[in-house]
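Asker: Okay, here's the structure, questions in a sec.
Now the structure itself:
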């Protein structure tokens, strides 16, 4: 059974709608390179690719694939917690 | 997250895609959905549940607590051009109110549709009074809007 490889969650190092920085600094292992420009309303959202579970399937989500739509992105502390 | 799922159709009606993110893997998301959330919401969670195992996304969005090793509660409204229009960050014990996210999205959509020609005062809901910024309004907001008008 062929399964698409899905990498770990990582910011692309850029904001949505823009190419990642030209310098090669976007590999999965370079955890210290992920900091991007300050998060701020009125500024572009940090782009990312990440694995996800969606209605019975595992897939990779890329935020910039959703350009043209409104997005609500909700972080929460953890599965099987109480609130 | 089940509260958001329960209102998913309202988000869809507004053309909004929902995504959730925690440090749990996609495998844990699957089991949580199957064993618990699907019993709280018909059909289970309808939107993608993203795995941020190393907290990289949370870090990029300023919501990763590296001492606790979790993403705290953070909700971001991103417009069709990719700009963050709203963010709300809470410590873990208190949940968000989904209706408030829907209200804010409707308000941001109204502002966008009028290209900023109309802005929405405190507590605005669709159909309520909007303000039209301009030189004439400066110092005269009190004539057209006051607390309680929402």
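Residue numbers (the working numbering), protein chains in the order written: chain A, 177 to 259; chain B, 295 to 444. Every residue, glycine too, gets a C-beta built ideally from N, C-alpha and C. No experiment lies behind these values; they were computed from the predicted model shown.
Once DSSP output is grouped into helix, strand and coil, what is the label at residue 228 of chain A?
Answerer: Sequence index remark: in the first chain, residue 228 of chain A carries index 52 (1-based). Residue 228 of chain A falls in the strand class under three-state DSSP.
Asker: Please check if any C-beta of chain A sits within less than 8 Å of the C-beta of residue 352 of chain B.
Answerer: Residue 352 of chain B sits at position 58 when you count from the first residue of the second chain. Answer yes: the Cβ-Cβ gap between residue 352 of chain B and chain A drops below 8 Å somewhere.
Asker: Quick one: Cα of residue 318 of chain B to Cα of residue 312 of chain B, how far?
Answerer: For the purposes of this step, residue 318 of chain B is taken as the residue at position 24 of the second chain. For the purposes of this step, residue 312 of chain B is taken as the residue at position 18 of the second chain. Approximately 18 Å, taken between the alpha carbons.
Asker: Output yes or no for whether 8 Å exceeds the beta carbon distance between residue 424 of chain B and residue 412 of chain B.
Answerer: As a working mapping, residue 424 of chain B is identified with position 130 in the second chain. As a working mapping, residue 412 of chain B is identified with position 118 in the second chain. Yes, Cβ-Cβ distance for residue 424 of chain B and residue 412 of chain B is below 8 Å.
Asker: Considering only the beta carbon of each residue, do residue 296 of chain B and residue 344 of chain B sit closer than 8 Å?
Answerer: Here residue 296 of chain B corresponds to residue number 2 of the second chain, with the count starting at 1. Here residue 344 of chain B corresponds to residue number 50 of the second chain, with the count starting at 1. No.
Asker: Using a C-beta to C-beta distance shorter than 8 Å, which residues of chain B count as neighbours of residue 218 of chain A?
Answerer: Numbered from 1 along the first chain, position 42 holds the residue referred to as residue 218 of chain A. Those are 377, 378 and 379, listed as they occur along chain B.
Asker: Classify residue 210 of chain A: buried if its beta carbon has 16 or more other beta carbons within 10 angstroms, exposed otherwise.
Answerer: As a working mapping, residue 210 of chain A is identified with position 34 in the first chain. Residue placement at residue 210 of chain A is poorly supported in this model, since its pLDDT is 49, which falls under 50; the coordinates still yield a value, given next. So residue 210 of chain A counts as buried.
Asker: Can you list the residues of chain A that residue 327 of chain B reaches, using a CB-CB cut of under 8 Å?
Answerer: As a first step, residue 327 of chain B is located in the second chain; it is residue number 33 there, counting from the start. In chain order: 229.
Asker: Give a yes or no on whether 8 Å exceeds the smallest Cβ distance from residue 200 of chain A to chain B.
Answerer: As a first step, residue 200 of chain A must be located in the first chain, where it is residue number 24. Note that residue 200 of chain A scores 49 on pLDDT, short of 50, meaning its location in the model is unreliable and no value can be drawn from it.
Asker: Would you say residue 345 of chain B lies against chain A (beta-carbon separation less than 8 Å)?
Answerer: Start at 1 with the first residue of the second chain, and residue 345 of chain B comes out as number 51. Chain A contact via Cβ: present.
Asker: May I ask which residues mark the beginning and end of the alpha helix (DSSP H) holding residue 297 of chain B?
Answerer: Walking along the second chain from the start, residue 297 of chain B turns up at place 3. Its alpha helix (DSSP H) spans residues 296 to 300.
Asker: How should residue 195 of chain A be labelled, buried or exposed, when 16 other C-beta atoms within 10 angstroms of its C-beta is the threshold for buried?
Answerer: For this step, residue 195 of chain A is matched to residue 19 along the first chain. By the 10 Å Cβ count, residue 195 of chain A comes out exposed.
Asker: Below 8 Å on the Cβ atoms is my contact criterion, and I expect residue 221 of chain A with residue 402 of chain B to pass it. Report the Cβ-Cβ distance as a whole number of Å.
Answerer: Mapped onto the first chain, residue 221 of chain A falls at position 45. Mapped onto the second chain, residue 402 of chain B falls at position 108. Actually they are not in contact, since the Cβ atoms of residue 221 of chain A and residue 402 of chain B sit about 14 Å apart, beyond 8 Å.
Asker: Give me the chain A residues within the contact set of residue 314 of chain B, using Cβ-Cβ distance strictly less than 7 Å, ordered along the chain.
Answerer: Numbered from its first residue, the second chain carries residue 314 of chain B at position 20. Under the 7 Å cutoff, chain A gives 250 and 252.
Asker: How is residue 354 of chain B classed by DSSP in three states: helix, strand or coil?
Answerer: Position 60 of the second chain, counting from 1, holds the residue named residue 354 of chain B. Residue 354 of chain B falls in the helix class under three-state DSSP.
Asker: Can you tell me where the beta strand (DSSP E) with residue 233 of chain A in it begins and where it stops?
Answerer: The sequence position of residue 233 of chain A within the first chain is 57, counting from 1. Note, residue 233 of chain A: beta strand (DSSP E), 233 to 238.
Asker: Contact check, residue 357 of chain B vs residue 251 of chain A under 8 Å by CB: the rounded distance?
Answerer: Here the question's residue 357 of chain B lines up with position 63 in the second chain. Here the question's residue 251 of chain A lines up with position 75 in the first chain. The pair is a contact, with the Cβ atoms about 5 Å apart (cut-off 8 Å).
Asker: Can you pull the chain B residues whose beta carbon is under 7 Å from the beta carbon of residue 244 of chain A, in chain order?
Answerer: Counted from its first residue, the first chain places residue 244 of chain A at position 68. For residue 244 of chain A, the residues of chain B that pass the 7 Å Cβ criterion are 374, in the order they occur in the chain.
Asker: May I have a chain-ordered list of the alpha helix (DSSP H) segments no shorter than 4 residues that lie completely inside the region 329 to 399 of chain B?
Answerer: 350 to 354
Asker: Consult DSSP for residue 211 of chain A and reduce its assignment to one of helix, strand or coil.
Answerer: Translated into the one-based positions of the first chain, residue 211 of chain A becomes position 35. Residue confidence for residue 211 of chain A is low, a pLDDT of 49 falling below 50, so the modelled location carries little weight and cannot support an answer.
Asker: By how many angstroms is the C-alpha of residue 380 of chain B removed from the C-alpha of residue 373 of chain B?
Answerer: The residue you call residue 373 of chain B lines up with position 79 of the second chain. The residue you call residue 380 of chain B lines up with position 86 of the second chain. Rounded to the nearest angstrom, the two C-alpha atoms are 9 Å apart.
Asker: Nearest chain B C-beta to residue 193 of chain A closer than 8 Å, yes or no?
Answerer: For the purposes of this step, residue 193 of chain A is taken as the residue at position 17 of the first chain. Yes, its Cβ sits closer than 8 Å to a Cβ of chain B.
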